[in-house]
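Engineer: Each residue of the sequence shown is one higher than the last, beginning at 5 in the numbering used here.
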Amino acid sequence: MTLQTATLGYPRIGENREVKKALEAFWNSKSDVETLLQTIRAVELANWQTQLEAGIDRIGIGDTSLYDHVLDWSIRLGIIPERYQSFTELEQYFGMARGKDGIPALEMTKWFDTNYHYLVPEITQPLQPADFGDFLETVHRAQTVLGDRAVPIVLGPLTLLRLSRLEVNLEQAVSDLCDRYLVLLSELKNLGVVEVQLHEPALVLGDADNFKEIYQSTYDLLSRVGLPIHQVTYFDDLGSAYPWVMELPVAGISLDFTRGHNLALLKQHGFPSDKQLGVGIVDARNIWKIRPDSVLSILEEIQSTTTNLRIQPSASLQFVPYDATRETKLPEPLRNVLGFAEQKLEEIGILAHTLAGADPSDKLAIVQTQWQAFEQFSPVNPAVQERLRNLTVNDLERPLPYEQRKHLQPVLPPFPTTTIGSFPQTSEVRQLRVKLKRGEITQAEYEAAIDAEIAKCIQFQEEAGLDVLVHGEFERTDMVEFFGQQLSGFAFTEHGWVQSYGSRCVRPPIIYGDVARTQPMTIREFKVAQSLTKKIVKGMLTGPVTMINWSFTCIDIPRSEQAMQIAFTLRDEVADLEAAGAKMVQIDEPALREGLPLKPERWNEYLSWSVDAFRLAAGVAKPETQIHTHMCYSEFGDIIEHIERLDADVLSIENSRSNNETLFEITGAGYKHQVGNGVYDVHSPTIPSTEQMVQQLRTGLAHLPTEQIWVNPDCGLKTRRWEEVMPALKNMVEAAKILREDVNAPQT
Ligand code: GLN
Ligand code: ZN
Numbered sequence: 005m006t007l008q009t010a011t012l013g014y015p016r017i018g019e020n021r022e023v024k025k026a027l028e029a030f031w032n033s034k035s036d037v038e039t040l041l042q043t044i045r046a047v048e049l050a051n052w053q054t055q056l057e058a059g060i061d062r063i064g065i066g067d068t069s070l071y072d073h074v075l076d077w078s079i080r081l082g083i084i085p086e087r088y089q090s091f092t093e094l095e096q097y098f099g100m101a102r103g104k105d106g107i108p109a110l111e112m113t114k115w116f117d118t119n120y121h122y123l124v125p126e127i128t129q130p131l132q133p134a135d136f137g138d139f140l141e142t143v144h145r146a147q148t149v150l151g152d153r154a155v156p157i158v159l160g161p162l163t164l165l166r167l168s169r170l171e172v173n174l175e176q177a178v179s180d181l182c183d184r185y186l187v188l189l190s191e192l193k194n195l196g197v198v199e200v201q202l203h204e205p206a207l208v209l210g211d212a213d214n215f216k217e218i219y220q221s222t223y224d225l226l227s228r229v230g231l232p233i234h235q236v237t238y239f240d241d242l243g244s245a246y247p248w249v250m251e252l253p254v255a256g257i258s259l260d261f262t263r264g265h266n267l268a269l270l271k272q273h274g275f276p277s278d279k280q281l282g283v284g285i286v287d288a289r290n291i292w293k294i295r296p297d298s299v300l301s302i303l304e305e306i307q308s309t310t311t312n313l314r315i316q317p318s319a320s321l322q323f324v325p326y327d328a329t330r331e332t333k334l335p336e337p338l339r340n341v342l343g344f345a346e347q348k349l350e351e352i353g354i355l356a357h358t359l360a361g362a363d364p365s366d367k368l369a370i371v372q373t374q375w376q377a378f379e380q381f382s383p384v385n386p387a388v389q390e391r392l393r394n395l396t397v398n399d400l401e402r403p404l405p406y407e408q409r410k411h412l413q414p415v416l417p418p419f420p421t422t423t424i425g426s427f428p429q430t431s432e433v434r435q436l437r438v439k440l441k442r443g444e445i446t447q448a449e450y451e452a453a454i455d456a457e458i459a460k461c462i463q464f465q466e467e468a469g470l471d472v473l474v475h476g477e478f479e480r481t482d483m484v485e486f487f488g489q490q491l492s493g494f495a496f497t498e499h500g501w502v503q504s505y506g507s508r509c510v511r512p513p514i515i516y517g518d519v520a521r522t523q524p525m526t527i528r529e530f531k532v533a534q535s536l537t538k539k540i541v542k543g544m545l546t547g548p549v550t551m552i553n554w555s556f557t558c559i560d561i562p563r564s565e566q567a568m569q570i571a572f573t574l575r576d577e578v579a580d581l582e583a584a585g586a587k588m589v590q591i592d593e594p595a596l597r598e599g600l601p602l603k604p605e606r607w608n609e610y611l612s613w614s615v616d617a618f619r620l621a622a623g624v625a626k627p628e629t630q631i632h633t634h635m636c637y638s639e640f641g642d643i644i645e646h647i648e649r650l651d652a653d654v655l656s657i658e659n660s661r662s663n664n665e666t667l668f669e670i671t672g673a674g675y676k677h678q679v680g681n682g683v684y685d686v687h688s689p690t691i692p693s694t695e696q697m698v699q700q701l702r703t704g705l706a707h708l709p710t711e712q713i714w715v716n717p718d719c720g721l722k723t724r725r726w727e728e729v730m731p732a733l734k735n736m737v738e739a740a741k742i743l744r745e746d747v748n749a750p751q752t
């Protein structure tokens with residue numbers, strides 16, 4: 005039996021977000037390249053040392069990045085779009101990442117089903133020369149610190165291809181890339197590394213079988229270099245690709261045993277005796293310690309199939325923060341069961357020792373006790389459980405179908421104008437929260453200042469002539485955090501940052517138990533706003549699915565149930581908003597689509613409970629109350645029937661491509677409810693002209709009856725400045741007025 009420990013990547017932003025700060029200082033010309041590179045190297049070195057001290061045998065290295073590891077590999081492999089070929093070094097690198105001199109950046113998109121975003125490689129012909137210099141240098145440096153433990157992490161050729169925008173034929177691209185990977189592997193072999201990790205998460209996607217021959221021929225070639233390849237997969241199981249992946253000529257294969265059905269596949273098909281199995285057993289996607297019993301029983305089952313093992317996290321640890329012991333403000337029983345990267349390293353060691361039969365000095369027993377203490381600290385909430393038990397399909401149903409209730413809802417002019425909710429979060433507004441936290445102002449002073457912002461916002465919207473107003477969300481830092489902070493079962497960390505993309509980091513809330521509302525969450529601000537105007541103010545809530553998808557969730561309660569629990573809290577909030585006089589309530593679900601499982605065969609299950617959760621939140625509304633929802637994307641074609649099942653009265657979507665394509669897609673599919681097809685892109689500082697918006701609305705009109713159309717920007721305005729928002733919204737209202745004249749004009 006062989007038993008090793010390994011890692012597949014580590015958090016790379018620095019324990020105190022040093023890389024973020026260094027990047028921003030560099031971009032703002034407040035520091036130089038040297039300082040930036042020194043910072044990155046220091047973070048990298050600290051990562052290596054931590055993993056070395058934890059006794060990891062095969063430490064994945066080379067994953068630290070100035071912005072994004074996929075971009076790093078694009079550049080090393082010479083995949084540089086023509087528009088950036090004349091730039092060099094960092095100008096090229098950051099240009100491709102963020103755009104430069106009006107030259108667009110690469111497209112950014114989500115890395116599989118995580119909240120990390122990568123830059124999409126654009127493969128055109130011919131490729132620019134490859135240059136692995138920086139990578140080889142890093143490997144060499146790692147070897148001096150880690151010796152043979154240093155294992156280079158390389159993004160696999162076929163995953164890179166699968167994620168790219170291909171402008172050449174696939175065979176051509178494969179052959180070009182293969183040549184380059186051959187060079188890279190030879191160079192690594194010359195450096196004397198004991199193996200290389202080729203990360204091929206694309207193998208878990210539903211279409212992997214289509215690429216079977218390409219994988220086979222590519223890996224046949226690469227294996228001839230003679231450097232042992234450990235092929236790494238994660239985020240899901242191999243599905244039907246399992247049998248042929250096992251036959252690839254590699255020295256080892258890593259599988260994720262925390263998601264999907266790899267264990268069943270392993271038992272069904274076995275595991276080749278000439279390969280090492282990388283057992284991804286410590287969940288790299290959650291922030292909890294292992295449950296010793298269940299993990300040990302999985303490991304035993306694996307051991308009965310194959311014994312050449314490597315214990316490791318399920319994926320790179322970049323998806324979790326560094327160290328849970330720093331969260332000293334969290335209650336101890338909770339803190340003790342949190343496992344961030346450092347705790348996960350320790351667990352890997354403990355598990356390997358336990359499997360090897362060594363006495364783990366009762367470390368697993370300690371974890372067991374910590375979980376017991378946690379259960380005492382966070383017992384099930386009987387009221388929440390009772391409510392879930394009594395849930396019936398009727399609760400998910402609005403009292404009348406759309407066709408009937410729409411006549412009872414507020415009457416507005418054609419092309420009603422509104423916004424998505426937030427107005428500029430100025431530094432003064434953010435300062436208010438800092439002062440409140442520091443005790444420099446009282447709660448009453450804080451509220452008075454927020455109310456003044458609301459008043460200003462209402463007055464502006466009245467002047468601009470908008471039809472449906474919002475309060476502006478000044479009291480919210482973040483649309484999930486704001487609600488989570490008022491719900492039991494949510495916890496917030498001080499240092500729990502994870503990278504979202506580049507220098508952008510997020511600190512997701514932790515859902516640790518049954519979720520319940522302790523008090524109304526949005527009523528005070530709603531009332532303030534509504535009291536200042538005769539126009540309708542929309543109540544503004546964050547939907548249950550978005551709350552789940554942007555948090556670290558509980559491991560003991562299924563996500564579907566957590567979503568239902570949150571939906572109940574929102575249901576109460578909807579009822580309270582109605583009681584406070586709200587005629588419209590918007591329940592935002594910007595993250596609904598991004599929660600889709602990687603394998604399409606699991607979409608229905610996910611969409612079924614997520615749409616139910618939304619319906620549970622909205623179902624309480626009277627037929628007279630108009631329910632809006634907003635989604636930050638516009639790809640609906642493949643999930644349109646689920647969007648319909650949300651049964652929202654008004655759906656507002658992004659349309660930054662502003663070509664109405666999505667609009668045609670959803671209306672072509674027969675969508676009958678009202679649609680706010682964003683008329684301008686809020687992510688751009690450009691002020692949209694009236695003509696441009698009129699134009700867009702007219703194209704929309706050719707395909708949609710007037711009564712289905714709303715006019716709004718494509719997302720919230722919180723990142724914009726007032727100077728941009730004011731003229732933009734005035735132009736937007738003007739555009740709606742012009743359209744109204746069209747409608748009223750006699751037909752010729
Ligand atoms: N109501 C939110 C806002 O306007 C919606 C944000 C979002 O879609 N991400 O900010
Ligand atoms: Zn949005």
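Just so it is clear, CB atoms sit at the ideal spot from N, CA and C, and this is done for glycine as well.
In this text the structure is predicted, and so the values were computed from the model without any measurement.
#1: Which first and last residues belong to the alpha helix (DSSP H) in which S301 is found?
#2: C182 by DSSP, collapsed to three states: which one?
#3: Go through its chain and collect everything with a Cβ distance to P594's Cβ below 7 Å, but skip five positions before and after it.
#4: Using DSSP bridges, identify the partner residues of A520.
#5: Less than 7 Å between C-beta atoms, sequence neighbours within five positions excluded: which residues of the same chain meet that for W77?
#6: Give the residues whose C-beta lies closer than 7 Å to at least one heavy atom of the ligand GLN, in chain order.
#7: When every heavy atom of the ligand ZN is checked, does at least one fall within less than 7 Å of the C-beta of E598?
#8: Please confirm whether any heavy atom of the ligand ZN lies closer than 7 Å to the CB of E639.
#9: With burial defined as no fewer than 16 other Cβ atoms inside 10 Å of the residue's Cβ, what is the status of D366: buried or exposed?
#10: Could you work out which residue in H475, T262, R402, D471 is closest to Q429 when comparing CA atoms only?
#11: May I ask you to list the residues that DSSP assigns as paired with Y122?
#12: Can you tell me which residues form a DSSP beta bridge with V502?
#13: Shortest alpha-carbon distance to P524 belongs to which of I540, S504, F572?
#14: What residue ranges within the segment 660 to 744 form continuous beta strand (DSSP E) runs of no fewer than 3 residues, ordered along the chain?
#15: How should V208 be labelled, buried or exposed, when 16 other C-beta atoms within 10 angstroms of its C-beta is the threshold for buried?
#16: DSSP three-state call for H646: helix, strand or coil?
#17: Name the residue from P403, H411, P296 whose alpha carbon lies nearest to the alpha carbon of I354.
#18: Alpha carbons only, please: which of H411, S244, A387 is nearest the one belonging to A520?
#19: Look at the alpha carbon of S507 and the alpha carbon of L27, and state the distance between them as a whole number of angstroms.
#20: Taking the CB atoms as reference points, tell me whether T11 and G64 lie closer together than 8 Å.
#21: Helix, strand or coil for I354 per DSSP?
#22: Report the rounded CA-to-CA distance for S693 versus G443, giving the unit in angstroms.
#23: At which residues does the beta strand (DSSP E) containing D289 begin and terminate?
#24: For D61, does the three-state DSSP call read helix, strand or coil?
#25: If you check the beta carbons only, do Q322 and P15 fall under 8 Å apart?
#26: Classify D105 as helix, strand or coil using the three-state DSSP reduction.
#27: Using 8 Å as the threshold, is the C-beta distance between H265 and D241 below it?
#28: Counting C-beta neighbours from all protein chains within 10 Å, is the total for K538 16 or more, i.e. buried, or is it exposed?
#29: For a test of your reading of the model: does the CB of E658 fall under 7 Å from any non-hydrogen atom of the ligand ZN? Yes or no.
#30: So, do the segment 391 to 403 and the segment 677 to 686 have three or more beta carbon pairs nearer to each other than 8 Å?
#31: Under 8 Å between the Cβ atoms of K3 and S426?
#32: By DSSP, does K293 sit in helix, in strand, or in coil?
#33: According to DSSP, simplified to helix, strand and coil, what is G543?
#34: Should T755 and N664 be called a contact, given that it needs their Cβ atoms to be closer than 8 Å?
#35: Look at the alpha carbon of K271 and the alpha carbon of L300, and state the distance between them as a whole number of angstroms.
#36: Have a look at A673, R619, E658 and flag the residue whose alpha-carbon is nearest the alpha-carbon of E645.
Structural biologist: To lay it out plainly:
#1: Per DSSP, S301 belongs to the alpha helix (DSSP H) from 296 to 307.
#2: helix
#3: Counting only Cβ-Cβ distances below 7 Å, and skipping sequence neighbours, we find T550, H634, M635, C636.
#4: Partner(s): S492.
#5: Excluding residues within five positions, the ones whose Cβ falls inside 7 Å are L159, L164.
#6: Taken from the N-terminal end onward, the list reads I424, G425, S426, E477, M483, M544, Q590, D592, P594, H634, C636, C719, G720, L721, K722.
#7: no
#8: no
#9: By the 10 Å Cβ count, D366 comes out exposed.
#10: Among H475, T262, R402, D471, the Cα nearest to that of Q429 is on H475.
#11: T113
#12: V510
#13: F572
#14: Runs found: 678 to 681.
#15: buried
#16: Of the three classes helix, strand and coil, the one that applies to H646 here is helix, per DSSP.
#17: When P403, H411, P296 are compared, the shortest CA-CA separation from I354 is found for P296.
#18: Relative to A520, the option among H411, S244, A387 whose CA is nearest is A387.
#19: Those two C-alpha atoms are separated by around 7 Å.
#20: yes
#21: helix
#22: 44 Å
#23: In the sequence as presented, Asp is not what sits at residue 289; that position holds Arg. Where R289 is concerned, there is no enclosing beta strand (DSSP E), because DSSP gives it neither an H nor an E.
#24: The answer is coil: DSSP assigns D61 none of H, G, I, E or B.
#25: Between Q322 and P15, the gap from beta carbon to beta carbon is short of 8 Å.
#26: Taken through DSSP and simplified to helix, strand or coil, D105 comes out as coil.
#27: Yes, the pair counts as a contact, with Cβ atoms nearer than the cut-off.
#28: K538 is exposed by the Cβ-count criterion.
#29: Yes - the ligand ZN has a heavy atom lying nearer than 7 Å to the Cβ of E658.
#30: no
#31: Any property of residue 3 remains undetermined from this structure, which presents the chain solely from 5 to 752.
#32: coil
#33: strand
#34: Outside the modelled stretch of the chain, which goes from 5 to 752, sits residue 755, for which no answer is possible.
#35: 16 Å
#36: Measuring from the Cα of E645, the nearest candidate turns out to be A673.
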